[in-house]
Structure formats: C-alpha cells, structure tokens
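Comments concern the structure below.
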Amino acid sequence: MMMFASDLDRTLIYSNRALADFKQQTVSDLIAVELKNAQEVAFMTNKAYSLLKDLAASLLFIPVTTRTYEQYKRVFIFTESFCLKYAVTSNGATIIYNGLPLQEWRESVQKRLENECVPLQKMMEEMNGLEINGALKKVENLFFYYILEAPLALDAKNVIQKIADTSGWRISIQGRKLYLMPKPVCKGEAVKFIKEREGIHTVFGAGDSILDNDFLKICDYAFVPSHGELKNEGIHCSNYLFTVQQGVMAGEEILHRISNAATEKSS
1 MMMFASDLDR TLIYSNRALA DFKQQTVSDL IAVELKNAQE VAFMTNKAYS
51 LLKDLAASLL FIPVTTRTYE QYKRVFIFTE SFCLKYAVTS NGATIIYNGL
101 PLQEWRESVQ KRLENECVPL QKMMEEMNGL EINGALKKVE NLFFYYILEA
151 PLALDAKNVI QKIADTSGWR ISIQGRKLYL MPKPVCKGEA VKFIKEREGI
201 HTVFGAGDSI LDNDFLKICD YAFVPSHGEL KNEGIHCSNY LFTVQQGVMA
251 GEEILHRISN AATEKSS
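Numbering (the UniProt record's numbering), first residue to last: 1 to 267.
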C-alpha cells in the first residue's frame, strides 16, 4: 500500500499573501479550498485539485499540518470532497482517525512533553525581552509562534536558536511566522506511527519547512518546493526532490510528479 503525507500551507495550498509573494494572484485557474468567516482565503489550481482528488482515491493521503484541527477543518475540500481516513494536526501532536482524535497518540506525546523539554510557560518567559517584533500566539498549550511585523534580526535568531537547542525546543520561520516548537511535537513521529499502523510500503511526501523535515526524511520520495524554508536554509537530504516551479505552481508540479511516480510503482 502507498501513502502520500503532505504539508498544506505553501506546499499544496496558498493564501492570498502567499500568492502575492509569488505574484500569482492572476493565475487563471485558481480555485478556493479554504473559507474563513465566509471569505475565500486559500487556493490551489484546478488541475492540482483534480490531481489530488485522484491521488486520494488511489492511495492513503494524509494532510500533515501545523494548523490546529479547527483551523484544518476550514480547508473545506477535505470535509466536502474527500473521504480521508487520517489527518495529522498541531504539528503532529494530534492524529485524527475517521474524524476523531486518537487518544493513545495524544497521551504518548503528552508524556514526552513532560519528560523531554522545558515547559511551555517557561519557554515563553525565556523570549521576554528579546527583539521579536510581532504578535504572540499560543496553540493548544503545546507551542507558540509570533506573527512578525518585521524580519527577525540574525543576532536575535541566533539567541533564540541557542535557547531552543538547550531547552528541547526548535524554531522555524515560515513566511511572517516564527514558530517555537517542543521537539516531542513532531510531524515525523506521527507519520511514522501511521505508516506502521497501516502497513505502508511506499511513502510519498511533500513539505517546505524545517518542521516538515522530520517526516520527509522517512519518505521514499520527498518533494520540496523550491521557495520554502528548507530550500532557503540550504537543508538537503538524499531523498529530496526540489521543484522547478515556485508558489502555487510548485504545488501542482508536486502532484503531477507524485501521480506519475505512483502510476509507475503500481504498474
């Protein structure tokens, strides 16, 4: 059995801001895939949507996202057009199985949080006084991030990185967001758990950020947009396959290439 585990934002789907960053607001065949307050806020190409729907019907497709489950559900195509067995949310802290959280998984993550890293509140206090120009957001008492109003200075980034490294945490910068994430909250462990649970033999993956690296490393085919944090930070693994295209067209390219590879594996 084959599986496709994929990040969502800036990998398969693109917000208005992301489209603007890549000057792709006028791409002709964009379709909305997410609604927030009745407004269309994220998109993919119609061709990409069609490819993804076909893939989801032929292999085990698993969205893998840093979004909470409530934020994930705004991507309405996954509830209205797809029948998905699994989703990984909150950066791997939650595995959704047939619409419900797997309690055994969340309990295992919670135990690791208690034993392997500095508590959330203490880590947030460590950031006080640092030169971080942005609004602080806390997620499910698991991790936190800043919506940056100005780029993070290199000196500040190095200080934050050092604190994270010695606290069992890590950092990731994705667009205007600076994430601080405890190491036990990990997409890779969640994807590995599902792979073993379902007896998967081939894993396709796609993701653009350092937080995706955990699960991309265990994929047989790991597709990486040529515009993201992994590319920009010069992080290369032997199984990485970088796209030619950028932005929303990179998402379409990834789905084309996975569709072709899956067809070859099946023949």
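Ideal Cβ positions, reconstructed from N, Cα and C, are used throughout, including at glycine.
| Check | Outcome |
| --- | --- |
| Can you list, in chain order, the residues of its chain with a C-beta nearer than 6 angstroms to that of residue 160? Leave out the 5 residues immediately preceding and following it. | 171 |
| So which of 250, 265 and 262 has the shortest CA-CA distance to residue 45? | 250 |
| In three-state terms, what does DSSP make of residue 223? | strand |
| Measuring only the C-alpha atoms, how far is residue 156 from residue 125? | 15 angstroms |
| Below 8 angstroms on the Cβ atoms is my guess for residue 1 versus residue 198; work out the distance and round it to an integer in Å. | 7 angstroms |
| Got a sec? Which residues, its chain only, sit under 8 angstroms from residue 259 by beta carbon, not counting five neighbours each side? | 51, 54 and 55 |
| Out of 86, 240 and 70, state which residue places its alpha-carbon closest to the alpha-carbon of residue 96. | 86 |
| Residue 15 by DSSP, collapsed to three states: which one? | strand |
| Would you mind stating whether residue 93 and residue 142 have Cβ atoms separated by less than 8 angstroms? | yes |
| Would you call the segment 220 to 228 and the segment 237 to 246 in contact, with 3 or more CB pairs under 8 angstroms? | yes |
| By Cβ distance below 6 angstroms, which residues in the same chain neighbour residue 42 in space, the five residues on each side in sequence not counted? | 13, 15, 33 and 34 |
| Does the structure place the segment 111 to 127 close enough to the segment 137 to 154 that three or more beta carbon pairs sit under 8 angstroms? | yes |
| From this set, 80, 108, 248 and 63, which residue's C-alpha is nearest residue 89's C-alpha? | 63 |
| Would residue 218 pass as a contact of residue 178 if the rule is Cβ separation under 8 angstroms? | no |
| Go to residue 110, then tell me how far its alpha helix (DSSP H) extends in each direction, as first and last residue. | 103 to 116 |
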